[in-house]
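Chains as they are written, first to last, in full-length UniProt numbering: chain A, 1 to 348; chain B, 1 to 348.
Beta carbons are placed, not taken as given, at the ideal position from N, Cα and C, and that holds for glycine.
Notes for the one structure printed next.
The structure is reproduced here in structure tokens:
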């Protein structure tokens, strides 16, 4: 499924380090008025004026975070940017700049690196963030992508993980679990392909799931939506490791507990069908799946009327006193303690 | 030569990703008043007030940028921070925060990662920068370190690469080439060790060179020194890839040429002795060696009197019209075109 079917292979060593960086970054435009100096000096210079700066960083590693057998390089570049922007969104801030550092082994020709950068450029363009710096070097093996995202916000707008109070409502944007099931579909196709390289996969029944896995989006719109609704969340986090794990972060840092209602979980029909086909419990995936990059936040009870009919958001539970703990309330009305069973990059 | 002789080996997977990050970062203090929120949320929050933000990022990769056979992990952590701070210094800005992302294979026990972080913490403490975020994950093989450094400066203080004018003086801090010769000494000892593991190296004659290689420092003091001298450089860069390569960057971006004088190059007696011992031309190493992390800058001719007697700085040449090109003027008064022969991470 690799997109790069271009037979041309130019060795990256032909260009040299400076040549490669110049070649890859020459088309990056500066769009943010706050970017005074982008690529091309020892460091970039940014003028945040009276805004606060928000900074986050993430590392994506071949064989740990992605598998090039089914992750096209252009999608990988796009996703690498998105997962970082998502962290900025989770502070209720506006992403403005990124730095991109890449280490690649010599098995990648220049054309492959160009594909990766095309995805990075596409995301930068889509989200109007400036690529202001980075580093491109070789690795002995594998592909490593390290991105740092910068954003801006008024101090009064910024939402931390630690502001949830008992009785606050727990809200999530979009739907859950689809990215995980997209990965299961792709893993299955990879196994089929290994057995029979001639097989042509029919993935029509899984398009939404695969898109959620290969081309997730950062919810930069949520900030605008909440602003229009005149809601400031009391706490917020993005769903990268799985809903359950993120709820526990909010609970721990806010000193509260939580009741999450199984019947309220927003899930897509395609997701339900695929869970049935794979004989996997949909609720388990929805709360542990990860990589949804939706925003999970708490709001005061007073804000319920503002949000209840909004199709972008679903109220999935409410916060309780810390001593009550964090639980999933099932459809059968049993109470199960939430555990951070999310995807763990360090598990052996 | 690895420092970590601790026989205890705790598997990093025992802690899990969140546990590892918490374990490694719990002792990082916040010292900068601009850091509103450090580690522990989706992103850090910084208040640059009326200062401009300066951002730089660098990637260090095992087998490409360092060899753990002679680079103790604690030194590696220290150096990884320093090379990033050096980029902030090269903008005439003050380093204030860093993010640290690390990918490690399971062959490293927890104690090794602790050593690495001890070096990072030492540098953060030494330079009073806050560690405000990062990512710690596993790699399939090798050790990868990605650091992003942030700094602050008044807009009027910031020095770019593109402001040099013909007749400006070319100045460098400290001395040149020692880090490269330190590497040669360490490489030789590694070979000796491979042949005879019982041999005890006597490195007394090379202490300065080895320190320059294993524990370089960022010239955060130069900003203060220049401020006291009432000098604002017209252009500036740090010497990471080698003097020759950096001079060519200043020339290209400023649209000028340069005459560099061999007889003016600041070199240490230990460096000269070791070049003789290795039968390597000292000038070649001084201008191409790299990893000195000194600051190279240009100043107006009017500022000569302010700097001429200062032991921290050496005037090594002057800028000329672009059409005259960039040359080394040898002791024999021959003119040799400068080439960017510096260390290139992408060479095969």
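By how many angstroms is the C-alpha of residue 334 of chain B removed from the C-alpha of residue 129 of chain A? 49 Å
Using a Cβ-Cβ cut-off of 7 Å (strictly less than) and excluding sequence neighbours within five positions of residue 340 of chain B, which residues of its own chain qualify? Contacts found: 244, 245 and 248.
So, do the stretch 182-189 of chain A and the stretch 143-159 of chain A have three or more beta carbon pairs nearer to each other than 8 Å? no
Please list the segments of the beta strand (DSSP E) lying wholly inside the stretch 130-195 of chain A, counting only runs of 3 or more residues, in order along the chain. 130-138, 144-153 and 169-173
Buried or exposed for residue 209 of chain B, going by 16 or more other Cβ atoms inside 10 Å? Its Cβ being crowded by 16 or more others within 10 Å, residue 209 of chain B is buried.
Any idea what DSSP makes of residue 336 of chain A, helix, strand or coil? strand
At which residue ranges does the stretch 267-334 of chain B contain complete alpha helix (DSSP H) runs of 4 or more residues, listed in the order of the chain? 269-278, 282-288 and 304-307
On the CB-based measure, 16 or more other CB atoms within 10 Å of its CB, does residue 251 of chain A come out buried or exposed? buried
Would you say residue 331 of chain A faces chain B, with C-beta separation under 7 Å as the test? no
Residue 356 of chain B, enclosing beta strand (DSSP E) - first and last residue: No statement about residue 356 of chain B is possible, as the shown extent of chain B runs from 1 to 348 and does not include it.
Output, in sequence order along the chain, the residues in the stretch 312-325 of chain A whose CB is closer than 7 Å to any CB in chain B. none
Selected residue, minimal CA-CA separation from residue 231 of chain B, among B:101, B:222 and B:178: B:222
Which residues, in chain order, does the stretch 156-175 of chain A contribute to contact with chain B at a C-beta distance below 7 Å? Answer set for the stretch 156-175 of chain A: 158, 160 and 161.
Terminal residues of the beta strand (DSSP E) in which residue 257 of chain B lies: 256-261
Run the CB neighbour count on residue 238 of chain B, radius 10 Å, all protein chains shown included, and call it buried at 16 or more, exposed below. Result: buried.
Which term fits residue 323 of chain B, buried or exposed, when burial requires 16 or more other beta carbons within 10 angstroms of its beta carbon? exposed
Please classify residue 195 of chain A as buried or exposed, where buried requires at least 16 other C-beta atoms within 10 Å of its C-beta. exposed
Neighbour-count burial assignment, residue 317 of chain A, 16 or more Cβ in a 10 Å radius: Buried.
Counting pairs of beta carbons, one from the stretch 91-101 of chain A and one from the stretch 25-35 of chain A, are three or more of them closer than 8 Å? yes
Indicate whether at least one CB of chain A lies closer than 7 Å to the CB of residue 224 of chain B. no
Classification of residue 199 of chain A by the beta-carbon crowding that lies within 10 angstroms, buried from 16 upward: Flag for residue 199 of chain A reads exposed.
Is the beta carbon of residue 176 of chain A sitting closer than 7 Å to the one on residue 286 of chain A? yes
Going by DSSP in three states, residue 51 of chain B sits in which element: helix, strand or coil? coil
Of the choices A:90, A:180, A:139 and A:167, whose alpha-carbon is the least far from that of residue 149 of chain A? Considering only alpha carbons, the answer is A:90.
Simplified DSSP state of residue 97 of chain B, which is helix, strand or coil: Reduced to three states, the DSSP call for residue 97 of chain B is strand.
Take residue 106 of chain A as the anchor and find which of A:136, A:83, A:123 and A:77 has the nearest alpha-carbon. Comparing alpha-carbon positions, the option among A:136, A:83, A:123 and A:77 lying closest to residue 106 of chain A turns out to be A:136.
Roughly how many angstroms separate the alpha carbons of residue 123 of chain A and residue 27 of chain A, rounded to a whole number? Roughly 14 Å between the two C-alpha positions.
Determine the direct distance from the alpha carbon of residue 273 of chain A to that of residue 116 of chain A, and round the result to whole angstroms. 33 Å
In angstroms, rounded to a whole number, what distance separates the CA positions of residue 179 of chain B and residue 113 of chain B? Taken atom to atom, the span from the alpha-carbon of residue 179 of chain B to that of residue 113 of chain B is near 25 Å.
Short check: CB of residue 44 of chain B to CB of residue 55 of chain A, under 7 Å? yes
Should residue 346 of chain B be labelled buried (16 or more other beta-carbon atoms within 10 Å of its own) or exposed? In this prediction, residue 346 of chain B has a pLDDT of 39, which is less than 50 and means its spatial position is unreliable; what the coordinates show is noted afterwards. Flag for residue 346 of chain B reads buried.
Is it right to say residue 331 of chain B is buried, meaning 16 or more other beta carbons lie within 10 angstroms of its own, or is it exposed? Residue 331 of chain B sits exposed, since fewer than 16 C-beta atoms from the chains shown fall within 10 Å of its C-beta.
Check whether the Cβ atoms of residue 101 of chain B and residue 146 of chain A lie closer than 7 Å to each other. yes
Taking residue 314 of chain B as the reference, which of B:295, B:71 and B:329 has the closest Cα? B:295
Using a Cβ cut-off of 7 Å (strictly closer), state whether residue 66 of chain B contacts chain A. Chain A contact via Cβ: absent.
Determine, using beta carbons only, whether residue 28 of chain A comes closer than 7 Å to chain B. no
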